[in-house]
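In my numbering, the protein residues as written are 2 to 306.
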Amino acid sequence: MGAKLRVYKRRIRSVTATKKITKAMEMIAASRVVKAQRQVAASTPYASELTRAVTAVATGSNTQHPLTTEVEQPTRAALLLITSDRGLAGGYSSNVIKAAEQLTERLKAEGKEVDAYIVGRKGVSYYGFRERKVVESWTGFTDSPTYADAKAIAAPLIEAVQRDTAEGGVDELHIVTTEFISMMTQTAIDDRLLPLSLDKAEESEESSKDEILPLFDFEPSAEDVLDALLPRYVESRIYNALLQAAASKHAATRRAMKSATDNAEDLIKSLSRLANAARQAEITQEISEIVGGASALADATAGSD
Numbered sequence: 002m003g004a005k006l007r008v009y010k011r012r013i014r015s016v017t018a019t020k021k022i023t024k025a026m027e028m029i030a031a032s033r034v035v036k037a038q039r040q041v042a043a044s045t046p047y048a049s050e051l052t053r054a055v056t057a058v059a060t061g062s063n064t065q066h067p068l069t070t071e072v073e074q075p076t077r078a079a080l081l082l083i084t085s086d087r088g089l090a091g092g093y094s095s096n097v098i099k100a101a102e103q104l105t106e107r108l109k110a111e112g113k114e115v116d117a118y119i120v121g122r123k124g125v126s127y128y129g130f131r132e133r134k135v136v137e138s139w140t141g142f143t144d145s146p147t148y149a150d151a152k153a154i155a156a157p158l159i160e161a162v163q164r165d166t167a168e169g170g171v172d173e174l175h176i177v178t179t180e181f182i183s184m185m186t187q188t189a190i191d192d193r194l195l196p197l198s199l200d201k202a203e204e205s206e207e208s209s210k211d212e213i214l215p216l217f218d219f220e221p222s223a224e225d226v227l228d229a230l231l232p233r234y235v236e237s238r239i240y241n242a243l244l245q246a247a248a249s250k251h252a253a254t255r256r257a258m259k260s261a262t263d264n265a266e267d268l269i270k271s272l273s274r275l276a277n278a279a280r281q282a283e284i285t286q287e288i289s290e291i292v293g294g295a296s297a298l299a300d301a302t303a304g305s306d
């Protein structure tokens, strides 16, 4: 076997091994994204209804609560960025980081300082490489988040919103994550969780005006109801965002691994053609050498006669 043919055979074996790995990862991601889709479908109605309930209390009472009251001149905002712990997901993490960068620039243009809270090693590495300050970070659970993870994330964020800005508190809470739309489409989005947006409150009231009255009577008080509901509201929204991000990541991984598997198959076909051409060239050369040797032997035999 010639040197060129040996090189092609070695490359084919290497690409074939890589193809087996990417195919296995594609199948694993496909199974995980189905489970993540079910979790998203189960958590979204709860988060939506809890948001509607908090909105009803906020718009149906005259209570001034720190988590629902707009600050006249906000100076500080918290940004929760949800990325992935792992790569091999195409542009998943880079897209959501880009959305966070755009939101950060917009908030700074409005004169607000931005405190970064990061979920996922990719986001932590991005901020660490650029030596940017991160108030708090969480890693190790982005592929399969739980409600306990959402509670751990929500606790310092709620505390920051309740503190005065002079003591390190924030006036607003924004979240940047990836919304799962379909297996082929995942979109990086940013949303303001706190204080509740007046536009969204009005929209919610309009969509359910048959159920929500202009004013309510609360027992024991509207403030106590908000104190009880708002932590659950933040936790449920963060949990839903984590699940959306996990489903988006698995879908992106499946798509990236499928593309890698297809590319490996194309490369194997190309290398096989080159290997066949090299083998045919070797056979042709061997035949030419045999014919040439036989001709020279016949000439030598005829000369001796």
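Glycine included, C-beta positions come from ideal geometry on N, C-alpha and C.
If distances are taken between C-alpha atoms only, which option among the options comes closest to residue i?
i	options	result
Ala110	Thr76, Ala57 and Thr56	Thr76
Asp225	Val16, Glu266, Gln65 and Ala37	Gln65
Glu73	Ser260, Thr285 and Asp172	Asp172
Met184	Gln245, Val16 and Leu272	Gln245
Asp263	Glu102, Lys250, Pro146 and Thr19	Thr19
Arg107	Ile119, Leu80 and Thr84	Leu80
Val235	Ala282, Gln163, Ala189 and Glu266	Gln163
Ser126	Lys21, Ser95, Ser44 and Ser145	Ser95
Ser44	Gly141, Ala30 and Tyr148	Tyr148
Thr17	Gln286, Ser273, Arg280 and Ile291	Ser273
Ser138	Asp191, Asp144, Gly124 and Ser145	Gly124
Ile119	Ile83, Ala90 and Gly141	Ile83
Gly170	Gly141, Ser49, Thr179 and Pro157	Pro157
Ala101	Ala90, Ala78 and Gly88	Ala78
Leu230	Ala265, Ala279, Thr52 and Ser15	Thr52
Leu68	Asp86, Val136, Met28 and Leu174	Leu174
Ala31	Thr70, Arg87, Ser249 and Thr285	Ser249
Ala223	Arg39, Ala37, Arg7 and Ala54	Ala54
Glu13	Lys36, Asp228, Val135 and Ala265	Note that residue 13 is Ile in the sequence shown here, rather than Glu. The candidate whose alpha carbon is nearest that of Ile13 is Ala265.
Val35	Gly293, Thr188, Leu275 and Asp144	Asp144
Ala87	Glu50, Phe142, Val135 and Thr56	For clarity, residue 87 is Arg in the given sequence; the question names Ala instead. For Arg87, the nearest C-alpha among the options comes from Phe142.
Where does residue i fall in DSSP's three states?
i	result
Glu132	coil
Arg238	helix
Ser1	Because the chain in this structure spans residues 2 to 306, residue 1 falls outside the shown range and cannot be described.
Asp69	According to the sequence provided, residue 69 is Thr. The question's Asp does not apply to it. In the structure shown, Thr69 sits in coil (DSSP, three-state: anything other than H, G, I, E or B).
Ala78	strand
Leu243	helix
Ala90	coil
Glu224	helix
Asp144	coil
Glu293	For the sequence presented, residue 293 should be read as Gly rather than Glu. Correct three-state label for Gly293: helix.
Thr64	coil
Pro215	In this predicted model, Pro215 has a pLDDT of only 46, less than 50, meaning its place in the structure is not dependable; the value taken from the coordinates is given anyway. Reduced to three states, the DSSP call for Pro215 is coil.
Tell me which residue opens and which closes the alpha helix (DSSP H) that residue i is part of.
i	result
Arg33	Ala4 to Thr60
Ile182	No alpha helix (DSSP H) contains Ile182, which DSSP labels as neither H nor E.
Arg107	Tyr93 to Ala110
Ala161	Tyr148 to Gln163
Label residue i either buried or exposed according to how many other C-beta atoms from any shown protein chain fall within 10 Å of its C-beta, with 16 as the threshold for buried.
i	result
Tyr9	buried
Lys99	exposed
Arg256	buried
Ser260	exposed
Ser208	In this prediction, Ser208 scores a pLDDT of 49, lower than 50, which makes its location untrustworthy; the coordinate-derived value is nonetheless stated afterwards. Classification for Ser208: exposed.
Phe181	buried
Tyr47	exposed
Thr302	exposed
Met258	buried
Val97	buried
Leu199	The predicted position of Leu199 is uncertain, since its pLDDT is 45 and thus under 50; a value taken from the coordinates is nonetheless stated next. Exposed, by the Cβ-count rule.
Arg33	buried
Pro146	buried
Asn241	buried
Thr186	exposed
Gly129	exposed
Asp354	Residue 354 lies beyond the residue range present for the chain, which begins at 2 and ends at 306; the question has no answer from this structure.
Ala25	exposed
Gly121	buried
Val58	buried
Thr285	exposed
How far does the beta strand (DSSP E) with residue i in it extend, from its first residue to its last?
i	result
Ala117	Glu114 to Val120
Gln187	Gln187 to Leu195
Mind checking who residue i pairs with in its DSSP beta bridge?
i	result
Glu137	Tyr118
Ile83	Val120
His175	Leu80 and Arg193
Counting contacts by CB-CB distance shorter than 8 Å, is residue i in contact with chain C?
i	result
Gln187	Considering every chain present, this structure includes no chain C. It has just one protein chain.
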